[in-house]
Amino acid sequence: MQIPSNGIHLEVEDHGSASGEPLLLIMGLGMQLVAWHEDFVQSLVARGFRVIRFDNRDIGLSKNFDDLGVPSLGWNSLKYMMRMKVDSGYTLADMANDAAGVLDALGIQSAHICGASMGGMIAQQMAVRHPTRVKSLTLMMTTSGARSLPGPTMKARAALMSRPAKSSDIDAVVAHYVGLYNAIGSPAYPPGNEWLTKRLNMSVRRSHRPQGTARQMMAIAADGDRSALLSRIKVPTHVLHGAADPLVPVQAGHDLARKITGAEIDVIPGMGHDLPMALWPRFVAGISTAASRA
Numbered sequence: 696m697q698i699p700s701n702g703i704h705l706e707v708e709d710h711g712s713a714s715g716e717p718l719l720l721i722m723g724l725g726m727q728l729v730a731w732h733e734d735f736v737q738s739l740v741a742r743g744f745r746v747i748r749f750d751n752r753d754i755g756l757s758k759n760f761d762d763l764g765v766p767s768l769g770w771n772s773l774k775y776m777m778r779m780k781v782d783s784g785y786t787l788a789d790m791a792n793d794a795a796g797v798l799d800a801l802g803i804q805s806a807h808i809c810g811a812s813m814g815g816m817i818a819q820q821m822a823v824r825h826p827t828r829v830k831s832l833t834l835m836m837t838t839s840g841a842r843s844l845p846g847p848t849m850k851a852r853a854a855l856m857s858r859p860a861k862s863s864d865i866d867a868v869v870a871h872y873v874g875l876y877n878a879i880g881s882p883a884y885p886p887g888n889e890w891l892t893k894r895l896n897m898s899v900r901r902s903h904r905p906q907g908t909a910r911q912m913m914a915i916a917a918d919g920d921r922s923a924l925l926s927r928i929k930v931p932t933h934v935l936h937g938a939a940d941p942l943v944p945v946q947a948g949h950d951l952a953r954k955i956t957g958a959e960i961d962v963i964p965g966m967g968h969d970l971p972m973a974l975w976p977r978f979v980a981g982i983s984t985a986a987s988r989a
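If you want it as structure tokens, here you go:
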């Protein structure tokens, strides 16, 4: 369903009983709400949560910002490395305000928040900017943005910056994303190309907005280092991170756990930068643990 939020419209799905504990799931860079698998969502509903998932701005079926144009990734990457201001049409703070607006539209005063990758960055901003709206935080495979942290491996960086051989061909686009997920995914929990292709085909046919992904990438770069903000987060926080993450190395998870008061961390051997089905029970347990501490 389309709902108004922060002056725009977002695509939102609401699962479970209205009397359940509200849990807002925030997905990562370029990823749609369907990246939170339906069975994963239902496993959270079975634990008593009212689960809300949504398409971030500029992705999926939510408001696009094509009027902002396509950012120059090369030029802005150079500016980021030189510690110059990165041009972004909107910010992660705007996206955190979007997330708070989802709660407003659904009449929810406060919720448990779970964010993956960029979604975890948005969750950090939400906890700082809207502290009364956040009951607990689960931060999955994400980072404070501190410049001292190691960056992606060369293979992961190359995969992230690569493009499909033919952007107008759905099969070529899906094949591109299969390659990307294999490059950054969990070495101990490979999903298999058949399953991955099926999921990504469904996602691409639902929506494919690479320009939105580029604009979100600029929002991440412009947000920079959130370390100075993290001491303001006072809610129970659970950090989940893969020991084998090639895109956001595990040091980022330890860094978050040190900088957020009282945070707990679960480092998972063999997990990369994805959400393997075999680990869903562990993710659900982590989210539930954070919620139980609220």
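Each residue of the sequence shown is one higher than the one before, starting from 696 at the first, in our numbering. Every residue gets a Cβ at the ideal spot worked out from N, C-alpha and C, and that includes glycine.
Spatial distance of residue i from residue j (CA atoms)
i, j, result
"Ile-915", "Gly-715", "32 Å"
"Val-765", "Met-913", "10 Å"
"Met-966", "Ala-985", "20 Å"
"His-710", "Asn-751", "17 Å"
"Val-829", "Asp-950", "21 Å"
"Arg-824", "Ile-955", "15 Å"
"Arg-921", "Ala-952", "13 Å"
"Thr-837", "Asn-896", "26 Å"
"Leu-844", "Ser-863", "37 Å"
"Leu-875", "Ala-854", "5 Å"
"Ala-818", "Ile-865", "32 Å"
"Asp-793", "Ala-860", "34 Å"
"Ala-1010", "Met-856", "Any answer about residue 1010 is impossible in this case: the structure gives the chain only from 696 up to 989."
"Thr-892", "Met-835", "23 Å"
"Asp-652", "Val-934", "No information on residue 652 is available, as it lies outside the stretch 696 to 989 that the chain covers here."
"Leu-832", "Val-868", "33 Å"
Segment limits, alpha helix (DSSP H) that includes residue i
i, result
"Gln-697", "Segment 697–700 is the beta strand (DSSP E) holding Gln-697; no alpha helix (DSSP H) there."
"Leu-720", "Run containing Leu-720: none in the alpha helix (DSSP H); it sits in the beta strand (DSSP E), 716–721."
"Arg-901", "888–901"
"Arg-858", "No alpha helix (DSSP H) holds Arg-858; DSSP gives it neither H nor E."
"Thr-908", "905–918"
"Ile-865", "865–879"
"Gln-1003", "This structure leaves residue 1003 out entirely; the chain is present only between 696 and 989."
"Asp-789", "787–800"
"Ser-922", "922–925"
Assigned exposure category for residue i - 16 Cβ within 10 Å defines buried
i, result
"Pro-964", "exposed"
"Pro-941", "buried"
"Trp-890", "exposed"
"Ser-783", "buried"
"Gly-981", "buried"
"Ala-713", "exposed"
"Pro-944", "buried"
"Gly-907", "buried"
Residue i, enclosing beta strand (DSSP E) - first and last residue
i, result
"Met-813", "Unbroken run through Met-813 is the alpha helix (DSSP H), 813–824; no beta strand (DSSP E)."
"Ile-982", "Note, Ile-982: premise wrong, no beta strand (DSSP E); alpha helix (DSSP H) at 975–987."
"His-933", "932–937"
"Asp-709", "703–710"
Supposed close pair residue i, residue j - CB separation, criterion 8 Å
i, j, result
"Arg-754", "Gly-725", "According to the sequence displayed, residue 754 carries Ile and not Arg. Confirmed, Cβ separation roughly 6 Å."
"Asp-734", "Gly-880", "Going by Cβ atoms, the distance from Asp-734 to Gly-880 rounds to 18 Å, so no, they are not a contact pair."
"Leu-756", "Ser-902", "6 Å"
Opposing strand residues paired with residue i [DSSP bridges]
i, result
"Ser-831", "His-807"
"Ile-963", "Gly-937"
"Phe-744", "Glu-716"
"Phe-749", "Val-707"
Any non-hydrogen atom of the ligand NAD closer than 7 Å to residue i Cβ
i, result
"Pro-931", "Inclusion of the ligand NAD in the displayed structure is not the case, the ligand content being empty and no account of it being possible."
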